[in-house]
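S.K.: I'd like to ask you about the structure that follows.
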Amino acid sequence: MAINAYAAKSAKAPLEEFSYEPGPLGPNEVEVAVTHCGICHSDLSMIDNDWGFSQYPLVPGHEVIGAVAAVGSGVAGLAVGQRVGIGWQCGSCAHCEYCRTGREHLCAQEADTIVFHHGGFADRVRATADFAIPIPDALPSAEAAPLLCAGNTVFSPILRHDVNGGMKVAVVGIGGLGHIAIQFLSKMGCDVTAISSTHSKDTEARSLGATSFIATRDTDELKKAAGSFDFMICTVSASLPWNDYVAALRPQGALVIVGVPDKEISLAAFGMIAKEKTIAGGRAGSPWDITRMLEFAARHQVKAQIEKFPMRDVNSAIDRLRSGKARYRVVLER
Numbered sequence: 002m003a004i005n006a007y008a009a010k011s012a013k014a015p016l017e018e019f020s021y022e023p024g025p026l027g028p029n030e031v032e033v034a035v036t037h038c039g040i041c042h043s044d045l046s047m048i049d050n051d052w053g054f055s056q057y058p059l060v061p062g063h064e065v066i067g068a069v070a071a072v073g074s075g076v077a078g079l080a081v082g083q084r085v086g087i088g089w090q091c092g093s094c095a096h097c098e099y100c101r102t103g104r105e106h107l108c109a110q111e112a113d114t115i116v117f118h119h120g121g122f123a124d125r126v127r128a129t130a131d132f133a134i135p136i137p138d139a140l141p142s143a144e145a146a147p148l149l150c151a152g153n154t155v156f157s158p159i160l161r162h163d164v165n166g167g168m169k170v171a172v173v174g175i176g177g178l179g180h181i182a183i184q185f186l187s188k189m190g191c192d193v194t195a196i197s198s199t200h201s202k203d204t205e206a207r208s209l210g211a212t213s214f215i216a217t218r219d220t221d222e223l224k225k226a227a228g229s230f231d232f233m234i235c236t237v238s239a240s241l242p243w244n245d246y247v248a249a250l251r252p253q254g255a256l257v258i259v260g261v262p263d264k265e266i267s268l269a270a271f272g273m274i275a276k277e278k279t280i281a282g283g284r285a286g287s288p289w290d291i292t293r294m295l296e297f298a299a300r301h302q303v304k305a306q307i308e309k310f311p312m313r314d315v316n317s318a319i320d321r322l323r324s325g326k327a328r329y330r331v332v333l334e335r
């Protein structure tokens, strides 16, 4: 049976109706009937071929929630009708050292939901069963959809760097990723500082759980925070005065970059060496990471702030996200 979707036929083109035949369902695959799908900036990058490897027609959508519609002959643990989510990754080799140790997101043969694979702006989508993650009952589908990528992208580095209650932490950028990161860190018991260019989001950041706020434009607030933070996560896709951010770390502190800066990063090494500071990359993690993140979100009522659009209005939804006015995630509903 054909899958009906919305696809970009060329770089930066508006999405059009598109149908394709998926072929036989693999023994370890599931087919999911899509009910909700978030729109991520990575979807825009793939539509526009910003990273140079998009293939067209391209069906975006990697923050998928829906019901299992069919399971392959070898699938155990998932049932038809069960609510699941699919994030950035939809498969891996299952046998390399990373897959065997629960780090499937580092597999050299990882399969990504919208890279050489049709994603969730569709009535159905497929994935390897291990990457279709059950959604806790306490999470509404629309608010949970962005957690599959945005939530996972910020939660996985928090796990990786052993962040725990009592730490002084900072979130750089109060947007689609940052507003979720503040909630996670606050619910973990951290002392959270929000960092943005101006104080325009000060009140909102505090309502999400931040206890302090730093504005960086035309102020010395960041420099005054030197030596303050055990952990910082940078969610913005822009070049920053990186040495000032490294200086804001405490000894052995870590700055994790999950946004993609628009220029190469330049750093003075001595400030890192002298106090054993770390700068690291972070990304959406493994199925185990997603499961743990969803359980935490359900337990602590962490939800994305969303704007909803019908799937048929996908181009209006994309335009809303491109405008920079969305607060903070855009979700398509079927």
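Under the working numbering, the letters of the sequence shown match residues 2 to 335, in that order.
We put the beta carbon where it would ideally sit given N, CA and C, even for glycine.
Can you tell me whether S11 is buried or exposed, with buried defined as 16 or more other CB within 10 angstroms of its CB?
M.R.: Taking the sequence shown and counting its residues from 1, the one referred to as residue 11 is at position 10. The residue is exposed, with fewer than 16 neighbouring Cβ atoms inside 10 Å.
S.K.: DSSP on T36, reduced to helix/strand/coil?
M.R.: By 1-based counting over the sequence shown, the position of residue 36 is 35. Strand at T36.
S.K.: Is it right to say G103 is buried, meaning 16 or more other beta carbons lie within 10 angstroms of its own, or is it exposed?
M.R.: By one-based count along the sequence shown, residue 103 stands at place 102. So G103 counts as exposed.
S.K.: Is it the case that the stretch 140-151 contacts the stretch 63-70, given that we only count it when at least three CB pairs across the two stretches are under 8 Å?
M.R.: As far as the Cβ criterion goes, the stretch 63-70 touches the stretch 140-151, which means the pair count is three or higher.
S.K.: Pick out whichever of A70, G88 and M2 has its Cα sitting closest to the Cα of G82.
M.R.: Numbered from its first residue, the sequence shown carries residue 82 at position 81. When only C-alpha atoms are compared, the closest one is A70.
S.K.: Quick one: which unbroken beta strand (DSSP E) runs of 3-plus residues sit fully inside the stretch 269-310? Chain order, please.
M.R.: With a minimum length of 3 residues, the continuous beta strand (DSSP E) runs that stay inside the stretch 269-310 are 279-282.
S.K.: Am I right that L325 and T236 are in contact with their C-beta atoms under 8 Å? What's the rounded C-beta distance?
M.R.: Within the sequence shown, residue 325 is the residue found at index 324, counting from 1. Within the sequence shown, residue 236 is the residue found at index 235, counting from 1. Per the sequence presented here, residue 325 reads as Gly, with Leu not at that position. Incorrect: roughly 14 Å between the Cβ atoms, too far for contact.
S.K.: Rank I266, G272, P262 and L241 by C-alpha distance to the C-alpha of G254 and give the top, closest one.
M.R.: Numbered from its first residue, the sequence shown carries residue 254 at position 253. G254 has its Cα closest to that of G272, out of I266, G272, P262 and L241.
S.K.: What is the rounded straight-line gap between the Cα of S157 and the Cα of F310?
M.R.: What you label residue 157 is simply residue 156 of the sequence shown in a count that begins at 1. What you label residue 310 is simply residue 309 of the sequence shown in a count that begins at 1. Cα to Cα, S157 sits roughly 28 Å from F310.
S.K.: Ends of the beta strand (DSSP E) at I136?
M.R.: What you label residue 136 is simply residue 135 of the sequence shown in a count that begins at 1. Per DSSP, I136 belongs to no beta strand (DSSP E) and is neither H nor E.
S.K.: So which of K13, Q184 and E18 has the shortest CA-CA distance to A6?
M.R.: Stepping through the sequence shown from its first residue, residue 6 is reached at position 5. Measuring from the Cα of A6, the nearest candidate turns out to be E18.
S.K.: Looking only at C-alpha atoms, which of G286, P242 and R284 sits nearest to S267?
M.R.: Along the sequence shown, read from residue 1 onward, the residue named residue 267 stands at position 266. Taking only the C-alpha atoms, the option nearest S267 is P242.
S.K.: Quick test of the definition: if touching needs 3 or more C-beta pairs under 8 Å, does the stretch 14-28 touch the stretch 132-144?
M.R.: With a cut-off of 8 Å, the stretch 132-144 and the stretch 14-28 do not count as touching, because too few Cβ pairs lie within range.
S.K.: Would you list the one or two residues that DSSP bridges to T194?
M.R.: Position 193 of the sequence shown, counted from the first residue, corresponds to residue 194. In DSSP, T194 forms a bridge with A171 and S213.
S.K.: Quick check: the Cα distance between R335 and A145, rounded to an integer number of angstroms?
M.R.: Sequence index remark: in the sequence shown, residue 335 carries index 334 (1-based). Sequence index remark: in the sequence shown, residue 145 carries index 144 (1-based). For R335 and A145, the distance between alpha carbons rounds to 15 Å.
S.K.: Out of C41, K225 and P28, which one is the CA nearest neighbour of Y329?
M.R.: The sequence position of residue 329 within the sequence shown is 328, counting from 1. Closest by alpha carbon: C41.
S.K.: Taking the alpha carbon of A112 as the point to measure from, which residue in G174, T129, F122 and E98 has its own alpha carbon closest?
M.R.: As a first step, residue 112 is located in the sequence shown; it is residue number 111 there, counting from the start. Considering only alpha carbons, the answer is T129.
S.K.: What number of angstroms, rounded off, separates the C-alpha of I87 from the C-alpha of R207?
M.R.: Locating residue 87 in the sequence shown gives position 86, where the first residue counts as 1. Locating residue 207 in the sequence shown gives position 206, where the first residue counts as 1. Answer to the nearest angstrom: the Cα atoms are 31 Å apart.
S.K.: How close, in whole Å, do the beta carbons of A227 and A211 come, if the pair is a contact with beta carbons under 8 Å?
M.R.: Walking along the sequence shown from the start, residue 227 turns up at place 226. Walking along the sequence shown from the start, residue 211 turns up at place 210. That pair is no contact at about 19 Å.
S.K.: Which of helix, strand or coil does DSSP assign to V231?
M.R.: Taking the sequence shown and counting its residues from 1, one reaches residue 231 at position 230. According to the sequence as given, residue 231 is Asp; it is not Val. Of the three classes helix, strand and coil, the one that applies to D231 here is strand, per DSSP.
S.K.: Exposed or buried, which one is Q184 when buried takes at least 16 other CB atoms within 10 Å?
M.R.: Your numbering for residue 184 matches position 183 in the sequence shown. Looking at its Cβ environment, which holds 16 or more other Cβ atoms inside 10 Å, Q184 is buried.
S.K.: Exposed or buried, W52, counting other C-beta atoms within 10 Å across all chains shown (16 or more means buried)?
M.R.: In the sequence shown, the residue the question calls residue 52 occupies position 51. Per the 10 Å Cβ criterion, exposed.
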